[in-house]
Each structure stands twice: as structure tokens, then as C-alpha cells.
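Enquirer:
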Amino acid sequence: MKITDWIQAIGSVASVAVAYLAFRISKNALNISKETLDVSEQAKNIAEAGVRMANSSLYLTKELSHIAHRCIIYPERFYLHNGQWAITFRNNGVGLAFNVRVELYVRDRENVFGDPNKKTAIGSRVINPNSEQTFIVEESGLSLLIFEETPATISWETLSGAKYEAKWIFSQRASGEELFSLLEETKIEE
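In my numbering, each residue's number is its place in the sequence shown (first place is 1) plus 509.
Here's what the structure looks like:
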């Protein structure tokens with residue numbers, strides 16, 4: 510073997526060693542990039558979890574605010590008051606109900622057997638906690654006959670900013686027993 514063959518062999522071994530070293534460096538760089546990507550993905554997941562926790566905390570805070578101002582409003586009586594229909598609602602909640610609006614569906618005298626008409630009842634716009642308020646339909650042309658079911662709707666706002674609407678049905682059995690049935694209570698908006 511000639512010296513040039515040896516130099517060429519050593520050069521080949523050296524270039525293989527350099528190529529292997531470059532391969533190892535590239536592979537390590539690729540692994541580091543993958544780990545960085547994994548860490549970035551984990552950081553993204555942690556950030557998303559943080560956002561979810563913040564949203565949950567905000568929701569919980571809003572719900573606690575609503576609970577602190579919650580109104581539990583239900584009808585107590587539906588009766589004739591000086592020849593006019595009246596309905597009394599009670600607020601057993603801890604919150605103040607304001608901007609209260611009550612609507613009754615009653616029949617006109619001329620059309621006793623027809624469909625009921627929606628009439629806005631007059632009364633206080635506020636129902637304090639643990640108190641009651643009476644609302645009256647002030648129209649002389651209404652029928653004094655109680656029909657099988659009388660729908661009533663009450664809407665109100667609370668100090669937390671929530672708006673609610675509850676739909677009730679009043680019915681009277683042949684025995685004279687009065688029944689109120691809640692159809693639905695809806696949170697309209699915040």
C-alpha cells in the first residue's frame with residue numbers, strides 16, 4: 510500500500526467520522542426541536558386550562574352574585590277585589606325584584622266563551638324580599654267568571670342584572686280548591 514492509499518483511506522474514515530458526527534448533531538437538534546415543540550404544546554395546554562379555569566371562576570362569581578340576589582316569586586291568591594281580578598305574588602327570595610310586570614289572560618264580558626285576552630295588571634313595580642304584592646286588572650268589561658285555566662306571566666329584574674320571566678297557570682277545582690302550576694321560569698338575560 511502506498512502512502513497515498515493510506516491518506517485516502519484516512520481521509521475516507523475521517524469524512525465518515527465527520528458525517529456520523531454531523532448526523533448525531535442533527536439528530537440531537539431534531540430531538541431538541543421535538544422536545545421544544547412538546548413543551549410548547551404543553552404550555553399551550555396549560556394556557557388553555559388557565560383560560561378554562563378563569564372562565565369557570567367568572568361563571569362561579571356570576572352565579573354567586575345571582576344567588577345573593579335571587580328572587581323566589583310565586584302566586585299566592587287569584588281573586589276578585591272590588592269587582593276586578595287581582596293576583597297576589599310573594600317573593601320568598603333574598604333579593605329585591607324590580608321592574609316587575611304582570612300579565613293576566615282574561616276574557617271580556619261580551620265574549621265569555623272566546624279566547625282570553627292578555628291584560629297588563631297594575632301594581633307596584635317592586636316586590637321586596639319576604640313580602641307580597643297585589644296586581645289588579647283595572648277594566649270593567651272583564652268577565653267575572655273564572656274559567657278552567659287562567660295563565661299569568663310575571664317578569665322581573667334582580668340587582669345582579671339578571672332578568673327573569675315565570676309563566677303560571679291558575680285553576681280552580683269544582684271543590685273550590687285553587688291551584689297554581691308553574692309552566693316555566695326563564696332567565697331572559699344578564
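We put the beta carbon where it would ideally sit given N, CA and C, even for glycine. Keep in mind it's a predicted model, so treat the numbers as computed, not measured.
Assuming HIS590 is part of the beta strand (DSSP E), what are its boundary residues?
Expert: Looking at the DSSP string, the run of the beta strand (DSSP E) that includes HIS590 is 582-590.
Enquirer: What does the alpha-carbon distance come out to for the pair SER542 and ARG533?
Expert: Going by the C-alpha atoms only, they are around 14 Å apart.
Enquirer: May I ask which residues mark the beginning and end of the beta strand (DSSP E) holding LEU613?
Expert: Taken as a continuous stretch (DSSP letters only), the beta strand (DSSP E) holding LEU613 covers 606-615.
Enquirer: Counting C-beta neighbours from all protein chains within 10 Å, is the total for GLY604 16 or more, i.e. buried, or is it exposed?
Expert: Answer is buried; the Cβ neighbour count reaches 16.
Enquirer: In whole angstroms, give me the CA-to-CA distance for SER664 and PHE598.
Expert: Cα to Cα, the separation comes out at about 11 Å.
Enquirer: What did DSSP end up calling THR545 once you bin it into helix, strand or coil?
Expert: Here THR545 sits in helix by DSSP.
Enquirer: How many Å lie between GLY559 and ALA552 at the Cα?
Expert: So the two alpha carbons sit approximately 10 Å from each other.
Enquirer: I'd like to know whether the C-beta atoms of GLU674 and PHE607 end up nearer to each other than 8 Å.
Expert: For GLU674 and PHE607, no; Cβs fall outside 8 Å.
Enquirer: Whole angstroms are fine: how far does the CA of ALA528 sit from the CA of ARG548?
Expert: Per the sequence shown, the amino acid found at residue 548 is Val instead of Arg. VAL548 and ALA528: Cα-Cα distance of roughly 30 Å.
Enquirer: Have a look at ASN537 and LEU546 and give me their C-alpha separation to the nearest angstrom.
Expert: So the two alpha carbons sit approximately 14 Å from each other.
Enquirer: Leaving out the 5 sequence neighbours to the left and right, which residues in its chain are closer than 8 Å to VAL522 when beta-carbon positions are compared?
Expert: No residues qualify anywhere along the chain.
Enquirer: Going by CA-CA distance only, name the one from PRO638, ILE631, VAL635 that's closest to GLU647.
Expert: Nearest of PRO638, ILE631, VAL635 to GLU647, Cα basis: ILE631.
Enquirer: Label THR659 either buried or exposed according to how many other C-beta atoms from any shown protein chain fall within 10 Å of its C-beta, with 16 as the threshold for buried.
Expert: Label assigned to THR659: buried.
Enquirer: Give me whichever residues DSSP pairs with LYS696 in a beta bridge.
Expert: For LYS696, which the question treats as bridged, DSSP gives the partners TYR673.
Enquirer: In this structure, does DSSP put ASN626 in helix, strand or coil?
Expert: ASN626 falls in the strand class under three-state DSSP.
Enquirer: In angstroms with no decimal places, state the Cα-to-Cα distance between VAL611 and SER684.
Expert: Going by the C-alpha atoms only, they are around 27 Å apart.
Enquirer: Can you tell me the Cα-Cα spacing of ASN688 and PHE679, whole angstroms?
Expert: The sequence shown places Leu at residue 688, rather than the Asn named in the question. Approximately 6 Å, taken between the alpha carbons.
Enquirer: Can you tell me which residues form a DSSP beta bridge with PRO660?
Expert: The partner list for PRO660 (beta bridge, DSSP) reads ILE678.
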